[in-house]
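J.: Input: one structure, supplied below.
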Amino acid sequence: MENQQQNQVIGGSKRIVALNESPLPSNNDHHIEHQKHGWKNFFAYVGPGFLVSLAYLDPGNLETDLQAGANHRYELLWVILIGLIFALIIQSLAANLGVSTGKHLSELCRAEYPVFVKYCLWLLAEVAVIAADIPEVIGTAFALNILFHIPVWAGVLCTGVSTLLFIGLQRYGVRKLELLIAILVFVMAACFFGEMSYVKPPANELFKGMFIPKLNGDGATADAIALLGALVMPHNLFLHSALVLSRKIPNSVRGINDACKFFLIESGFALFVSFLINVAVVSVSGTVCGADNLLDQNKESCSDITLNSASFLLKNVLGKSSSTVYAIALLASGQSSTITGTYAGQFIMQGFLDLKMKTWLRNLFTRLIAITPSLVVSIIGGSSGAGRLIIIASMILSFELPFALIPLLKFSSSSTKLGPHKNSIYIIVISWILGLGIIGINIYYLSTAFVGWLISNNLPKVGNVLIGIVVFPLMAIYILAVIYLMFRKDKVVTYIDPIKDDHMENGINSMELVDRVPYREDLADIPLPQ
626 MENQQQNQVI
636 GGSKRIVALN
646 ESPLPSNNDH
656 HIEHQKHGWK
666 NFFAYVGPGF
676 LVSLAYLDPG
686 NLETDLQAGA
696 NHRYELLWVI
706 LIGLIFALII
716 QSLAANLGVS
726 TGKHLSELCR
736 AEYPVFVKYC
746 LWLLAEVAVI
756 AADIPEVIGT
766 AFALNILFHI
776 PVWAGVLCTG
786 VSTLLFIGLQ
796 RYGVRKLELL
806 IAILVFVMAA
816 CFFGEMSYVK
826 PPANELFKGM
836 FIPKLNGDGA
846 TADAIALLGA
856 LVMPHNLFLH
866 SALVLSRKIP
876 NSVRGINDAC
886 KFFLIESGFA
896 LFVSFLINVA
906 VVSVSGTVCG
916 ADNLLDQNKE
926 SCSDITLNSA
936 SFLLKNVLGK
946 SSSTVYAIAL
956 LASGQSSTIT
966 GTYAGQFIMQ
976 GFLDLKMKTW
986 LRNLFTRLIA
996 ITPSLVVSII
1006 GGSSGAGRLI
1016 IIASMILSFE
1026 LPFALIPLLK
1036 FSSSSTKLGP
1046 HKNSIYIIVI
1056 SWILGLGIIG
1066 INIYYLSTAF
1076 VGWLISNNLP
1086 KVGNVLIGIV
1096 VFPLMAIYIL
1106 AVIYLMFRKD
1116 KVVTYIDPIK
1126 DDHMENGINS
1136 MELVDRVPYR
1146 EDLADIPLPQ
């Protein structure tokens, strides 16, 4: 029996030994019954992709979709298509990284990079979580404003309490709670699909916008970057690579391959649903705001559309109840996205710093930081200012993306990390082309937008000089940091050839260790369907 096991390992999967792995299982725990392979096991892997996809339906996405539709009608649909195709690729890479290594992305970053770089990446990842939380704060505040007519700034303050209460309710049935969230979010999706069938946007224009790239009109580049930032979020990469570790995967070549395939299919289906919902929101916004017979009141709303003023888009379907239904769905969208952000923040802190906070404390920490700019802007600028802050947060996420994306692309394409399980040359080329394209657009927009602002503003020359002295070095550091991550050679080898490694460790043959299940007990309390 022992020889058969060794032959299976040598001729099968060359798994990766993760650094600083959790305590080894006993011989009884290590023995795993053979499981049937095939589609019957698909539902055992369902969960991580759908939980991650909730982030693609958060208030930040809705805000940028509404802005894109109102300002440019259907011309930016191609950004959503490319963004979600790219999201599917990188989310599947993140899932495969976790399945193959037994470690999530932030843990591998901690193992690979020097201390200074590690802490910089951690801080940037935390900023990304906070930037992703700002739309949830403002979206929830808008929902409370619509439902109870309280000021937006008061709604911002309430979000801290509401989120803690929401997470506390998980103790009493998290599966049912998340099912309720999903139902409410898809209620909003059904509303937009119903409105879409009512206003009937021209199909040829939709397909042109989806497949013919254009950046016409004022602010098109900024809106496109905001769309990408809202769709391809850096904290999702850390999240997905950790969520898959909550699944028990058979310790065989076929088991690993099946898991990667099932996670890909699940993510593909979840992101396809997200794509349809995002397209529906843009189409409804573009069609209603582009209509010739638009009422003056609605024209004013379209000219500066925000989450707080968008309920009029659904009046054709829902009538007077449109604002209430829209607000409830918006509230659910914000709260569900908050849960994913909380988990992402937990994994980032645990992975980079080997530090784990209680869920409620972690959420409170993130939420208090996100509340500060939201509160200041909502007091000074009101609803319109808060809406613009969502766009700014989405742009921050887009600029943050390289610092999670580049390590993921390098690790998943490296034989030192994944051995024979690294990406094929086709995936490497496609993912790097798309990744570098997004990074290049970000750098181009960052440079041109800042230079244009310097030229057109009314500040004294001394003020412009001082701003330039501060900002241009920061831009140079940003570009140099991206180049460093791209061209730095991976030095830490996490893949061990089982043929060469024949020593004993803790009384367990290391060949068995190489092919052990990447199941993490410390991640097993994630509330996903079993």
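The sequence shown: position 4 = 629 (the working numbering), numbered continuously. The beta carbon of each residue, even a glycine, is placed where N, CA and C say it ideally should be.
1) Compute the distance between the beta-carbons of methionine 813 and alanine 954, then report whether it is under 8 Å.
2) Where lysine 1125 and histidine 729 are concerned, what is the direct C-alpha to C-alpha distance, given to the nearest angstrom?
3) Taking only three categories from DSSP, how would you classify aspartate 843?
4) Short of 6 Å in beta carbon distance, which residues of its chain neighbour glycine 880, apart from the five on each side in sequence? Order them along the chain.
5) Taking just the CA atoms, how far does valine 671 sit from glycine 1172?
6) For the alpha helix (DSSP H) containing alanine 680, name the first residue and the last one.
7) Tell me the residue span of the alpha helix (DSSP H) that contains threonine 967.
8) On a Cα-Cα basis, can you pick out the residue from Leu769, Asn696, Lys833 and Ile1102 that is closest to tryptophan 703?
9) Under a Cβ-count criterion, where at least 16 other Cβ atoms within 10 Å of its own Cβ denotes burial, should isoleucine 707 be classed as buried or exposed?
10) Would you mind working out which of Pro739, Gly1077, His697 and Ile715 sits nearest valine 831, comparing C-alpha positions?
11) Please state whether the Cβ-Cβ distance between histidine 860 and alanine 969 is less than 8 Å.
12) Among Leu722, Asn666, Gly685 and Leu679, whose alpha-carbon lies nearest the alpha-carbon of leucine 1030?
13) How would you label glycine 764, buried or exposed, when you count the other beta carbons within 10 angstroms and need 16 or more for buried?
14) So, for proline 684: in the same chain, excluding its five sequence neighbours on each side, which residues have a beta-carbon less than 8 Å away from its beta-carbon?
15) Considering Cα atoms alone, identify which of Pro1027, Leu772, Ser678 and His774 is closest to alanine 807.
16) Which one of Ser1037, Thr846, Lys743 and Ile1017 has the shortest CA to CA distance from glutamine 716?
17) From this set, Ile1092, Glu1025, Ile1052 and Ser899, which residue's C-alpha is nearest valine 1107's C-alpha?
18) Do you know offhand how far valine 1054's Cα is from serine 1039's?
19) Contact check, cysteine 816 vs leucine 939 under 8 Å by CB: the rounded distance?
20) Phenylalanine 863: which of Gly976, Ser1056 and Asp921 sits nearest, CA to CA?
21) Beta carbon of leucine 852, beta carbon of isoleucine 705: below 8 Å?
22) Please check the pair isoleucine 1066 and isoleucine 1104, which I expect to be a contact at CB under 8 Å, by giving their CB distance rounded to whole angstroms.
23) Which same chain residues, not among the five before or five after tryptophan 1057, have their C-beta less than 7 Å away from its C-beta?
24) Does DSSP classify lysine 1156 as helix, strand or coil?
T.: Looking at the coordinates:
1) Walking along the sequence shown from the start, residue 813 turns up at place 188. Walking along the sequence shown from the start, residue 954 turns up at place 329. A contact, by the Cβ cut-off of 8 Å.
2) On the sequence shown, residue 1125 is found 500 positions in, with the first residue counted as 1. On the sequence shown, residue 729 is found 104 positions in, with the first residue counted as 1. In this prediction, lysine 1125 scores a pLDDT of 39, lower than 50, which makes its location untrustworthy; the coordinate-derived value is nonetheless stated afterwards. For lysine 1125 and histidine 729, the distance between alpha carbons rounds to 26 Å.
3) As a working mapping, residue 843 is identified with position 218 in the sequence shown. Reduced to three states, the DSSP call for aspartate 843 is coil.
4) Along the sequence shown, read from residue 1 onward, the residue named residue 880 stands at position 255. Counting only Cβ-Cβ distances below 6 Å, and skipping sequence neighbours, we find Ile874.
5) There is no way to answer for residue 1172, as the model of the chain reaches only from 626 to 1155.
6) Taking the sequence shown and counting its residues from 1, one reaches residue 680 at position 55. No alpha helix (DSSP H) contains alanine 680, which DSSP labels as neither H nor E.
7) Position 342 of the sequence shown, counted from the first residue, corresponds to residue 967. First-last of the alpha helix (DSSP H) with threonine 967: 947–978.
8) Taking the sequence shown and counting its residues from 1, the one referred to as residue 703 is at position 78. Nearest of Leu769, Asn696, Lys833 and Ile1102 to tryptophan 703, Cα basis: Lys833.
9) Numbered from its first residue, the sequence shown carries residue 707 at position 82. Buried, since its Cβ has 16 or more Cβ neighbours within 10 Å.
10) By one-based count along the sequence shown, residue 831 stands at place 206. According to the sequence as given, residue 831 is leucine; it is not valine. That would be His697, whose Cα lies nearest to the Cα of leucine 831.
11) The residue labelled residue 860 in the question sits at position 235 within the sequence shown. The residue labelled residue 969 in the question sits at position 344 within the sequence shown. Yes, the pair counts as a contact, with Cβ atoms nearer than the cut-off.
12) As a working note, residue 1030 is residue 405 in the sequence shown. Among Leu722, Asn666, Gly685 and Leu679, the Cα nearest to that of leucine 1030 belongs to Leu722.
13) Here residue 764 refers to the residue found at position 139 of the sequence shown. Classification of glycine 764: buried, given that the 10 Å Cβ count is 16 or more.
14) In the sequence shown, the residue the question calls residue 684 occupies position 59. Excluding sequence neighbours, proline 684 sits near Pro760, Glu761, Ile763, Gly764, Thr765, Phe767, Leu932, Leu955, Ser958, Gly959, Ser962 and Ile1015.
15) Counting from one through the sequence shown, the residue named residue 807 turns up at place 182. Of Pro1027, Leu772, Ser678 and His774, the residue nearest in Cα terms is Ser678.
16) For the purposes of this step, residue 716 is identified with residue 91 of the sequence shown, where counting begins at 1. When each option's Cα is compared against that of glutamine 716, the closest is Ser1037.
17) Taking the first residue of the sequence shown as 1, we reach residue 1107 at position 482. The candidate whose alpha carbon is nearest that of valine 1107 is Glu1025.
18) Here residue 1054 refers to the residue found at position 429 when the sequence shown is read from its first residue. Here residue 1039 refers to the residue found at position 414 when the sequence shown is read from its first residue. In a straight line, the C-alpha of valine 1054 is about 13 Å away from that of serine 1039.
19) Within the sequence shown, residue 816 is the residue found at index 191, counting from 1. Within the sequence shown, residue 939 is the residue found at index 314, counting from 1. That belief holds up - the Cβ atoms of cysteine 816 and leucine 939 are roughly 5 Å apart, short of 8 Å.
20) Taking the first residue of the sequence shown as position 1, residue 863 is located at position 238. When each option's Cα is compared against that of phenylalanine 863, the closest is Gly976.
21) As a first step, residue 852 must be located in the sequence shown, where it is residue number 227. As a first step, residue 705 must be located in the sequence shown, where it is residue number 80. Closer than 8 Å, so yes.
22) The sequence position of residue 1066 within the sequence shown is 441, counting from 1. The sequence position of residue 1104 within the sequence shown is 479, counting from 1. With 8 Å as the limit, isoleucine 1066 and isoleucine 1104 do not qualify as a contact, their Cβ atoms being about 14 Å apart.
23) Position 432 of the sequence shown holds residue 1057. Only Leu1034 meet the Cβ criterion.
24) The chain is shown only over 626 to 1155; residue 1156 falls outside these bounds and no answer can be derived.
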